[in-house]
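Here the structure is laid out as structure tokens; the discussion comes afterwards.
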Amino acid sequence: MDVPKMTEQTCTAEESGAVVIMDEERVDDLQRNGYRIIQKKNGFCFGMDAVLLSGFARVREGQVHIDLGTGTGIIPILLEAKTEGAHFTGLEIQDAVADMAARSVRLNGLEDKVTIARGDIREASRLFGKASFDVVTSNPPYMNDNHGLKNPDLPKAIARHEVLCTLDDVCREAAALLKPGGSFFMVHRPHRLAEIISTLKEYKLEPKRMKLVHPFVDKEANMVLIEAVRGGKSMMKVEAPVIAYREPGVYTDEIYTIYGY
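In the working numbering, the protein residues as written are 11 to 271.
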């Protein structure tokens, strides 16, 4: 699912404050605080799932946050724009992608608020220390070996398939990174919901909020947003669903509100 149309821009190194933009890259206007983001022209770009997660997640004043598998860095950048959190970190394993995300941070002058770290999700708690964050988010790979063919483009395959980490890895490390009572926010696919809830509970992450996302009002859900609390009590609120499109090509007002238009 694509994001609402953004304004594609080009800029020189001088115009971007000495941040180099490669020939194969573009700079998109995020329509938030004047922020922009660097993305590949023909590569993997962030989608509606990341935007919805940034609207679903809650980072309170003074809290510290980490995004596991941050890709372009879209979630830390949007959360910095939308919340009063103290600091935001994005963890990304792919060198080229992490470099692109770090350049987006510099492009927006957010070096004091957002950090992009290169590293493996499976080692996150060792890299940052246990109980180091108030909030963890993740838009992890949705597909395991039983769900579809892997994309021959490795960066896209890593983003979409459990090539370098599994759902179990993400939940285990989220639980280890969180302070007691901290929140983990994730977007995933509804067909894995039973597995998601089971895995969260295995790591003492208690599901507390859930919201389904439907492409159209008469179509079944194709995304699920879920919040789990480390050591929380057993009670989950199922919130009203999100409907993405009013008609083909026309987003609902809620989508534009979440995105920030």
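C-beta atoms are modelled at their ideal positions from N, C-alpha and C, and glycine is treated no differently.
Ala-96 vs Val-74 beta-carbon contact at 9 Å:
Counted from its first residue, the sequence shown places residue 96 at position 86. Counted from its first residue, the sequence shown places residue 74 at position 64. Closer than 9 Å, so yes.
Going by beta-carbon coordinates alone, are Asp-144 and Ser-114 separated by less than 9 Å?
Reading the sequence shown from its first residue, position 134 is the one you call residue 144. Reading the sequence shown from its first residue, position 104 is the one you call residue 114. Result no, Cβ atoms of Asp-144 and Ser-114 do not sit closer than 9 Å.
By Cβ distance, which residues of its chain are closer than 7 Å to His-157, with the 5 residues on each side in sequence left out?
For this step, residue 157 is matched to residue 147 along the sequence shown. Because His-157 sits at a pLDDT of 47, beneath the cut-off of 50, its placement in the model cannot be relied upon, and the following sentence gives the value as read from the coordinates. Taken in chain order, the list of residues that qualify is empty.
Leaving out five residues before and five after Leu-203 in sequence, what residues of the same chain have Cβ atoms less than 7 Å from its Cβ?
Counting from one through the sequence shown, the residue named residue 203 turns up at place 193. For Leu-203, where only same-chain residues beyond five positions count, the Cβ hits under 7 Å are Val-234.
Can you give me the Cβ contacts of Gly-48 inside the same chain, cut-off strictly under 6 Å, excluding the 5 residues immediately before and after it?
Within the sequence shown, numbered from 1, the residue matching residue 48 stands at position 38. Here residue 48 turns out to be Ile, not Gly, going by the sequence shown. Once the five neighbours on either side are set aside, the close Cβ partners of Ile-48 are Glu-35, Val-37, Met-110, Arg-113, Ser-114.
Write down the C-beta distance between Ala-134 and Leu-78 rounded to the nearest angstrom, noting that I regard them as a contact closer than 8 Å.
Working through the sequence shown from its first residue, we reach residue 134 at position 124. Working through the sequence shown from its first residue, we reach residue 78 at position 68. The pair is a contact, with the Cβ atoms about 6 Å apart (cut-off 8 Å).
Quick one: give me the first and last residue of the beta strand (DSSP E) that Ile-48 is part of.
Numbered from its first residue, the sequence shown carries residue 48 at position 38. First-last of the beta strand (DSSP E) with Ile-48: 46-50.
Going by other Cβ atoms of all chains shown within 10 Å of its Cβ, with 16 needed for buried, is Arg-136 buried or exposed?
Within the sequence shown, residue 136 is the residue found at index 126, counting from 1. Result: exposed.
Could you tell me which uninterrupted beta strand (DSSP E) segments, each at least 3 residues in length, are contained entirely in the stretch 191-270, listed from first to last along the chain?
215-224, 233-240, 255-257
With burial defined as no fewer than 16 other Cβ atoms inside 10 Å of the residue's Cβ, what is the status of His-198: buried or exposed?
Here residue 198 refers to the residue found at position 188 of the sequence shown. Burial call: buried.
List the whole-angstrom C-beta distance separating Val-239 from Lys-221, where the pair is believed to meet the contact cut-off of C-beta under 8 Å.
Start at 1 with the first residue of the sequence shown, and residue 239 comes out as number 229. Start at 1 with the first residue of the sequence shown, and residue 221 comes out as number 211. About 16 Å separates the CB atoms of Val-239 and Lys-221; that is not less than 8 Å, and the two are not in contact.
Please name the residue, chosen from Lys-140, Glu-102, Ala-141, that lies closest to Thr-125 on a Cα-to-Cα basis.
Numbered from 1 along the sequence shown, position 115 holds the residue referred to as residue 125. For the residues Lys-140, Glu-102, Ala-141, the minimum Cα distance to Thr-125 belongs to Glu-102.
Rounded to the nearest angstrom, what separates Asp-39 and Arg-128 at their Cα positions?
For the purposes of this step, residue 39 is taken as residue 29 along the sequence shown, with counting starting at 1. For the purposes of this step, residue 128 is taken as residue 118 along the sequence shown, with counting starting at 1. Going from the Cα of Asp-39 to the Cα of Arg-128 covers about 25 Å.
Own chain residues within Cβ distance below 6 Å of Phe-226, not counting five before or after
Looking up residue 226 in the sequence shown gives position 216. These residues qualify, in order along the chain: Tyr-255.
Check each candidate in Phe-56, Thr-93, Cys-55 and name the one with the smallest Cα separation from Gly-72.
Walking along the sequence shown from the start, residue 72 turns up at place 62. Ranking the options by Cα distance to Gly-72, first place goes to Thr-93.
Return helix, strand or coil for Gly-100, following the three-state DSSP convention.
Taking the first residue of the sequence shown as position 1, residue 100 is located at position 90. DSSP places Gly-100 in strand when its eight states are reduced to three.
Going by C-alpha to C-alpha distance, which of Arg-70, Val-107, Val-29, Lys-229 sits closest to Cys-55?
Here residue 55 refers to the residue found at position 45 of the sequence shown. Nearest C-alpha to Cys-55: Val-107.
For Glu-249, collect the residues of the same chain with a Cβ closer than 8 Å to its Cβ; drop the 5 residues on either side in sequence, then sort them by chain order.
Residue 249 sits at position 239 when you count from the first residue of the sequence shown. Within the same chain, Cβ atoms closer than 8 Å to the Cβ of Glu-249 are found at Arg-219, Met-220, Lys-221, the five residues on either side in sequence being excluded.
When the Cα atoms are used, what is the spatial distance from Ser-208 to Ser-244?
For the purposes of this step, residue 208 is taken as residue 198 along the sequence shown, with counting starting at 1. For the purposes of this step, residue 244 is taken as residue 234 along the sequence shown, with counting starting at 1. Whole-angstrom Cα-Cα distance: 13 Å.
Residues in its own chain within less than 8 Å of Val-180 by CB, not counting five upstream and five downstream?
Position 170 of the sequence shown, counting from 1, holds the residue named residue 180. So the list reads Leu-78, Gly-79, Ile-131, Ser-148, Pro-150, Met-196, once near-sequence residues are dropped.
Test item: CB-CB of Ile-87 and Phe-98 under 9 Å:
Against the sequence shown, residue 87 aligns to sequence position 77. Against the sequence shown, residue 98 aligns to sequence position 88. Result yes, Cβ atoms of Ile-87 and Phe-98 sit closer than 9 Å.
Applying the 10 Å Cβ sphere with the 16-neighbour rule, what's the burial state of Gly-191?
Within the sequence shown, residue 191 is the residue found at index 181, counting from 1. Per the 10 Å Cβ criterion, exposed.
Tell me whether the beta-carbon of Leu-63 lies closer than 9 Å to the beta-carbon of Val-252.
For the purposes of this step, residue 63 is taken as residue 53 along the sequence shown, with counting starting at 1. For the purposes of this step, residue 252 is taken as residue 242 along the sequence shown, with counting starting at 1. No. Outside cutoff.
Per DSSP, what kind of secondary structure is Val-30 in: helix, strand or coil?
Here residue 30 refers to the residue found at position 20 of the sequence shown. Note: Val-30 maps to coil in three-state DSSP.
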